[in-house]
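This note's numbering puts the sequence shown at residues 58 to 441. Where a beta carbon is used, it is the ideal one built from N, C-alpha and C, also for glycine. Here's the structure, in structure tokens; my notes come after.
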Amino acid sequence: MATKVTVVSRLYAPEVGAASFRLKALVDGLGAAGARVNVVTTKAPAGSKPFKPSYKISRWPVLRDAGGNVRGYVQYLSFDIPMFFRILLGPRPDVFVVEPPPTSGFVVKTVAWLRRVPYVYFSADVSSSAARGIGVNPAVVKVLTAVERSILSSASAVLAVSDGVEREIGQLTGNTARVVNVGTGVDTAAFSYEGPKEPAEGRYFVYAGTMSEIQGAGVFVDAFKEIAAEYPDVQLMMFGQGVELQELKASAAPLSGRVRFLPPAQGTEIARWHRGAAANLASVRPGRGYDFAFATKALAGLSAGAPAVYAGVGPLAEIIREHRLGIACEWDAVSVADAMRTMLERPFDGDRRKQLSEWVEENYSLNAVGAAGAEAVLLAAAQG
58 MATKVTVVSR LYAPEVGAAS FRLKALVDGL GAAGARVNVV TTKAPAGSKP
108 FKPSYKISRW PVLRDAGGNV RGYVQYLSFD IPMFFRILLG PRPDVFVVEP
158 PPTSGFVVKT VAWLRRVPYV YFSADVSSSA ARGIGVNPAV VKVLTAVERS
208 ILSSASAVLA VSDGVEREIG QLTGNTARVV NVGTGVDTAA FSYEGPKEPA
258 EGRYFVYAGT MSEIQGAGVF VDAFKEIAAE YPDVQLMMFG QGVELQELKA
308 SAAPLSGRVR FLPPAQGTEI ARWHRGAAAN LASVRPGRGY DFAFATKALA
358 GLSAGAPAVY AGVGPLAEII REHRLGIACE WDAVSVADAM RTMLERPFDG
408 DRRKQLSEWV EENYSLNAVG AAGAEAVLLA AAQG
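Below, the structure written as structure tokens:
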């Protein structure tokens with residue numbers, strides 16, 4: 058009999074984002090392994106493209122912030138409270154899978170205990186570390202840390218996306234969590250080297266992802282101000298949303314439209330821009346509790362053939378240097394501006410860009426992540 062898996066997430070395809078891509082890959086891996094999957098998630102944002110998979114998806118309205126994000130504890134609870142009843146009263150699975158935030162993890166942990174079903178926690182980050190890094194009230198951080206530690210320690214398995222996340226989980230739980238490092242990756246079919254390019258005028262850089270205090274994407278706007286007069290044909294394309302979006306728009310206003318802000322887009326659309334970009338931009342701001350984070354947006358650009366300009370901390374910085382995938386620099390406007398100049402003056406040719414894509418396919422395909430995660434989930438279900 059096929060294993061029944063219920064995947065719980067506030068974000069899912071066709072919504073754009075690393076979590077959506079990662080979970081869809083997991084579900085695809087489960088389906089390929091013969092599991093029966095039910096996804097419990099939210100209604101997709103207005104304007105999302107149709108998405109009709111072969112498995113069951115249960116959607117429910119959710120409160121979003123002004124930028125369309127399900128971010129913040131009021132927004133989280135607007136998903137978590139109805140979700141409690143949806144999974145408590147819904148069909149009984151053999152295993153639950155849930156991802157952050159910890160409020161969702163706590164709800165799933167509670168229902169899993171009530172229904173005597175194991176659960177797996179898909180940890181792309183450690184929320185309590187991030188909260189501490191961005192200056193959340195210490196009392197709130199203390200409670201969040203205790204809740205997250207309980208969720209991770211009680212899970213039948215915890216899926217980590219990198220060595221850094223695995224280490225953070227070990228430190229938080231005293232190495233009591235059963236961690237499986239499934240790695241991270243990107244959809245190399247969507248972010249392919251072969252395909253059409255966006256018919257843009259002039260040269261440009263692309264940033265595609267969340268714009269929050271953790272990423273610190275403002276460093277690219279500040280750097281672009283440094284080089285704008287030197288390169289009047291160059292533009293900066295910023296795709297995405299986040300709490301810093303309005304601040305970034307205000308900062309870029311004096312540049313007379315040369316910094317363009319566009320909404321999140323599907324991977325195939327972003328790839329059209331990446332294929333012609335001077336570089337793809339990614340960052341992890343130091344000292345915000347995410348120093349271990351793996352910025353998958355850089356991998357997406359590389360997969361489509363765009364060399365990376367990476368600012369800040371995280372394991373990807375050393376990988377970019379080691380494999381000559383672009384430039385990794387400090388998180389400051391002067392360093393980033395120098396990196397941008399280098400990419401404009403010494404651009405990667407077609408052969409080198411193709412090699413970038415082939416490297417990502419070989420080392421960071423999301424298909425491999427989905428398959429590894431599916432294996433761990435099915436093992437947790439079998440062990441009960």
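R121 and E205 have their alpha carbons spaced roughly 23 Å apart. Taking C-alpha positions only, F78 is separated from L401 by approximately 31 Å. Annotation for W388: no alpha helix (DSSP H) segment contains it, and DSSP assigns it neither H nor E. In the same chain as K306, and ignoring 5 residues on each side of it, the C-beta atoms closer than 7 Å to its own belong to F318, in chain order. For F405, the closest C-alpha among the options I114, G383, N420 is that of G383. Our two residues, T99 and S66, have alpha carbons roughly 8 Å apart in a direct line. Note that the C-beta distance between A92 and F248 is not below 9 Å. Between the alpha carbons of E418 and T245 lies a gap of roughly 6 Å. L229 is classed as buried because its beta carbon has at least 16 other beta carbons within 10 Å across all chains shown. Relative to the Cα of F281, the nearest Cα in the group V174, L338, K411 belongs to L338. In summary, S313 is exposed, with fewer than 16 beta-carbon neighbours lying within 10 Å of its beta-carbon over all protein chains present. When the beta-carbon positions are compared, P364 and L423 stay at least 9 Å from each other. Restricting attention to G124, D85, F142, the CA atom closest to the CA of V426 is found in D85. DSSP, reduced to helix, strand and coil, places S422 within a strand of the structure shown.
Contact between G125 and Q298 is confirmed by a C-beta separation of about 6 Å, below the 8 Å threshold.
Within its own chain, the residues whose Cβ lies closer than 6 Å to the Cβ of Y347, once the five positions on either side in sequence are excluded, are A187, I271, V341, listed in chain order. Pairing G259 with A328 gives a Cβ-Cβ distance that is not under 9 Å.
Within the segment 127 to 174, the alpha helix (DSSP H) runs of at least 4 residues that lie entirely inside it are, in chain order, 130 to 146, 159 to 172. F142 counts as exposed, since fewer than 16 other C-beta atoms from the protein chains shown sit within 10 angstroms of its C-beta. In the three-state DSSP reduction, T98 falls in the strand class (E or B). The beta-carbon separation of S210 and T233, rounded to 5 Å, stays under the 8 Å limit for a contact.
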